[in-house]
Amino acid sequence: MVLAAPESCETLIIGAGMSGLAAGIRLAQYDHDVVVLDRHSLWGGLNSFYKKAGKPFDVGLHALTNFVPKGTRGRPLTRILRQLRIPYEALQLGQQWGSESAFPDVKLAFSNDFELLRSEVATKFPAEIDGFDRLSRYLADYPDLPSGGELVMARPRLREYLRDERLIDLLLLPILYYGSPTPDDIEWSSFVVLWKSLYEEGFAKPRGGVRTILSLLRNRYRELGGRLCMNQGVAAILHRAGRAVGVRLDDGREIRCERILSSAGFVETMALCGSEWEERFPAQTHAGRMTFVECISVLDRPVTDLGHDQTITFFNTSERLAYRPPAAPYDTASGVICCPDHYEDQDEGCGPALRLTLRAHPEAWFEMTPEQYAAQKEAAWRDGHAAILPFAPDIRPHTTFVDTFTPRTIAHFTGHTFGVVYGSPQKHPEGLTPLSQLFLCGTDQGFLGIVGAMLSGIAMANRHALGAASPA
Amino acid sequence: MTKEDIVLAIKDIIATIAPDEETGGLTMTEPLRDQIELDSMDFLDIVMELRKRYGVVVPEEDYGELATLQSCADYLAPHMADKELKIGV
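Heads up: the sequence lines are chains A and B, in that order. Sequential numbering of the first sequence, starting at 1, is according to the working numbering. Sequential numbering of the second sequence, starting at 1, is according to the working numbering.
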């Protein structure tokens, strides 16, 4: 059912991704007149789903990070479920089998039991275990809230605890791949958020993948009376005297509203406010540049039959960590191998599959002819799967179907400049913009992962529309 | 609503927003946040539910008045005297 956009509403939310839908639920729960708009026919944004060759595929979601068991108090996963009034069981979470951060000569295994990571460090870096314990005790009490303002980077702070740069690289590799908009390092508060969500908590996957979560969100939003309008892109944010007053849609119609929550990203949202604002925050200097290409290979047999039982392998083929935009369209020096079936209690999905994520050039994919584009996608799959042989089996002879998404695909579905995945290095945890009544949620808030995205939507709805005194 | 009814109303709201918490054993005078897990987001929900169910608007500067069941009852009594208890909404 496609709803036509109304002429006016109280709160208008741009983007039907995890953050926008979560914000919408909060507002609809309290009888706000709320509308969620999305340019596309499918909700989910960066975390969406599609069918190709009759098979269901997920985009974005490798893992739901922040896994904690039912009843765990005060953690992001249980807090969002309470705020959205979604029962824990409804997510149907299956825990990961086990993951690893792998360099050519050394790897660290980790799982949803922090003790595994600790014992790996103790065995492989015995001289560092005291520093590691000091670090993990310090982080256990550190608040996992994003911060804005001056960028304090993680590496110099980690050196206060750890001397071996290889160990720092091993610990950073998964963290950078799951949330850093910055080359080779990450801002400290984001590091803490990710440390907790990846290492202290862990990975799980809903049975049915991202669809399960998105259906819960969409159904809850609709049953509360929220309006979801698909195929309604926002062409411009209308403002008067420094205050947002509505939007103009792609088809020229206008919607008036009292406030806007935009999940489009900071630079992208300001660009919607007109050239004056676009020039003040130019994409070339303010947007992030970290983006990825991902090849999803469907196989003729389970990956376990080929001798690989990891859930997620973060790999780096050289001595030192390589996490920066590549000079070529893609780079195989590091990346992520994800086996979506390697979680407990999963359904069949698209069949046995393996996903390979590589860093991508932020601009090159947009400039290719259709022939070049197809050839580069094919090359990324071929070269990528050759490069990961030290870390994963050769799936190429067993591959029956490949689908690849690129920065161009991401830009198409998210509207993010350069198809960036983790937004801009500069975060806006308060959700404020230079215009009054225009607030951010989701991208560029500094909350990470899909749990973080939902938390961001909830916190911003509470704060800027429901009048909460303090942030999340 | 009597003060006893207001206590029932608050307990019912807590049961709605925090279904995993046991409200039966809550004491009148200890701070709610010392007895069960209620963060600032949950606390906002108590205020929002009071508004939604009973039309009572608690201004931000008065949030502190909702710290215990007893202080809730005392503070809300004049505002809710003419309201009817709604349970399990």
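Glycine is no exception: its CB is placed at the ideal position from the N, C-alpha and C atoms. All of these numbers come straight from a predicted model, not from anything done at the bench.
Residue from the options with nearest C-alpha to residue i
i, options, result
"residue 329 of chain A", "A:105, A:218, A:106 and A:377", "A:377"
"residue 66 of chain B", "B:18, B:45 and B:20", "B:45"
"residue 15 of chain A", "A:410, A:399, A:229 and A:126", "A:229"
"residue 98 of chain A", "A:113, A:106 and A:84", "A:113"
"residue 285 of chain A", "A:226, A:212 and A:268", "A:268"
"residue 413 of chain A", "A:5, A:17 and A:10", "A:17"
"residue 316 of chain A", "A:108, A:54 and A:5", "A:108"
"residue 438 of chain A", "A:463, A:452, A:454 and A:417", "A:463"
"residue 74 of chain A", "A:201, A:368 and A:118", "A:201"
"residue 25 of chain A", "A:174, A:227 and A:379", "A:227"
"residue 392 of chain A", "A:311, A:224 and A:78", "A:311"
"residue 88 of chain B", "B:55, B:62, B:1 and B:12", "B:12"
"residue 29 of chain A", "A:167, A:222, A:55 and A:104", "A:222"
"residue 433 of chain A", "A:280, A:140 and A:121", "A:280"
"residue 476 of chain A", "A:420, A:453 and A:408", "The requested residue 476 of chain A does not occur in the structure, where chain A is confined to residues 1 to 472."
"residue 106 of chain A", "A:441, A:121 and A:116", "A:121"
"residue 54 of chain A", "A:123, A:370, A:148 and A:351", "A:351"
With 16 other Cβ atoms within 10 Å as the buried cut-off, status of residue i
i, result
"residue 82 of chain A", "buried"
"residue 261 of chain A", "buried"
"residue 52 of chain A", "exposed"
"residue 163 of chain A", "exposed"
"residue 13 of chain A", "buried"
"residue 469 of chain A", "Here the model assigns residue 469 of chain A a pLDDT of 45, short of 50, so the residue's position is not dependable, and the following value carries that caveat. Classification for residue 469 of chain A: exposed."
"residue 241 of chain A", "exposed"
"residue 96 of chain A", "buried"
"residue 29 of chain B", "exposed"
"residue 472 of chain A", "With a pLDDT of only 35 at residue 472 of chain A, under 50, the local geometry of the prediction cannot be trusted, and the value read off the model is given with reservation. So residue 472 of chain A ends up on the buried side."
"residue 389 of chain A", "exposed"
"residue 66 of chain A", "buried"
"residue 444 of chain A", "buried"
"residue 57 of chain B", "exposed"
"residue 25 of chain B", "exposed"
"residue 78 of chain A", "buried"
"residue 22 of chain A", "buried"
"residue 19 of chain B", "exposed"
"residue 61 of chain B", "exposed"
Own chain residues within Cβ distance below 6 Å of residue i, not counting five before or after
i, result
"residue 39 of chain A", "233"
"residue 277 of chain A", "270"
"residue 1 of chain A", "Here residue 1 of chain A scores only 49 on pLDDT, less than 50, and its place in the model is too uncertain to base an answer on."
"residue 216 of chain A", "86 and 90"
"residue 534 of chain A", "There is simply no residue 534 of chain A to check, as chain A begins at 1 and stops at 472 in what is shown."
"residue 343 of chain A", "94, 96 and 205"
"residue 111 of chain A", "98"
Residue i at chain E interface by Cβ criterion, 8 Å
i, result
"residue 10 of chain B", "Absent here is chain E; the protein component of the structure consists of chains A and B."
Cβ neighbours of residue i in the same chain (closer than 8 Å, five flanking residues each side left out)
i, result
"residue 17 of chain B", "42, 45, 46 and 49"
"residue 320 of chain A", "165 and 169"
"residue 33 of chain A", "9, 10 and 11"
"residue 398 of chain A", "299, 300, 301 and 306"
Sub-8 Å separation of residue i and residue j beta-carbons
i, j, result
"residue 32 of chain B", "residue 69 of chain B", "yes"
"residue 298 of chain A", "residue 400 of chain A", "yes"
"residue 259 of chain A", "residue 235 of chain A", "no"
"residue 195 of chain A", "residue 153 of chain A", "no"
"residue 249 of chain A", "residue 43 of chain A", "no"
"residue 59 of chain A", "residue 48 of chain A", "yes"
"residue 204 of chain A", "residue 63 of chain A", "yes"
"residue 90 of chain B", "residue 53 of chain B", "Nothing about residue 90 of chain B can be reported from this structure: the residues present for chain B run from 1 to 89 only."
"residue 155 of chain A", "residue 185 of chain A", "yes"
"residue 375 of chain A", "residue 406 of chain A", "no"
"residue 323 of chain A", "residue 176 of chain A", "yes"
"residue 402 of chain A", "residue 341 of chain A", "no"
"residue 358 of chain A", "residue 418 of chain A", "no"
"residue 35 of chain A", "residue 4 of chain A", "no"
"residue 143 of chain A", "residue 455 of chain A", "no"
"residue 349 of chain A", "residue 209 of chain A", "yes"
"residue 272 of chain A", "residue 237 of chain A", "yes"
"residue 190 of chain A", "residue 448 of chain A", "yes"
Chain-order list of residues whose beta-carbon lies under 7 Å from that of residue i (same chain, five-residue window excluded)
i, result
"residue 207 of chain A", "92, 94, 345, 346 and 347"
"residue 380 of chain A", "293, 295, 330, 358 and 404"
"residue 157 of chain A", "188"
Heavy atom of the ligand COA within 7 Å of residue i beta-carbon
i, result
"residue 205 of chain A", "The ligand content of the structure shown is nil, which means the ligand COA is not present either."
Expected contact under 8 Å - CB spacing of residue i and residue j to nearest Å
i, j, result
"residue 356 of chain A", "residue 335 of chain A", "6 Å"
"residue 308 of chain A", "residue 435 of chain A", "That belief does not hold up - the Cβ atoms of residue 308 of chain A and residue 435 of chain A are roughly 50 Å apart, past 8 Å."
"residue 313 of chain A", "residue 387 of chain A", "Between residue 387 of chain A and residue 313 of chain A the Cβ distance is about 13 Å, and since that is not below 8 Å, they are no contact."
"residue 465 of chain A", "residue 145 of chain A", "About 20 Å; that fails the 8 Å criterion."
"residue 422 of chain A", "residue 179 of chain A", "6 Å"
"residue 492 of chain A", "residue 366 of chain A", "In the structure as shown, chain A begins at 1 and stops at 472. Residue 492 of chain A is therefore absent and cannot be evaluated."
"residue 256 of chain A", "residue 246 of chain A", "4 Å"
"residue 289 of chain A", "residue 325 of chain A", "5 Å"
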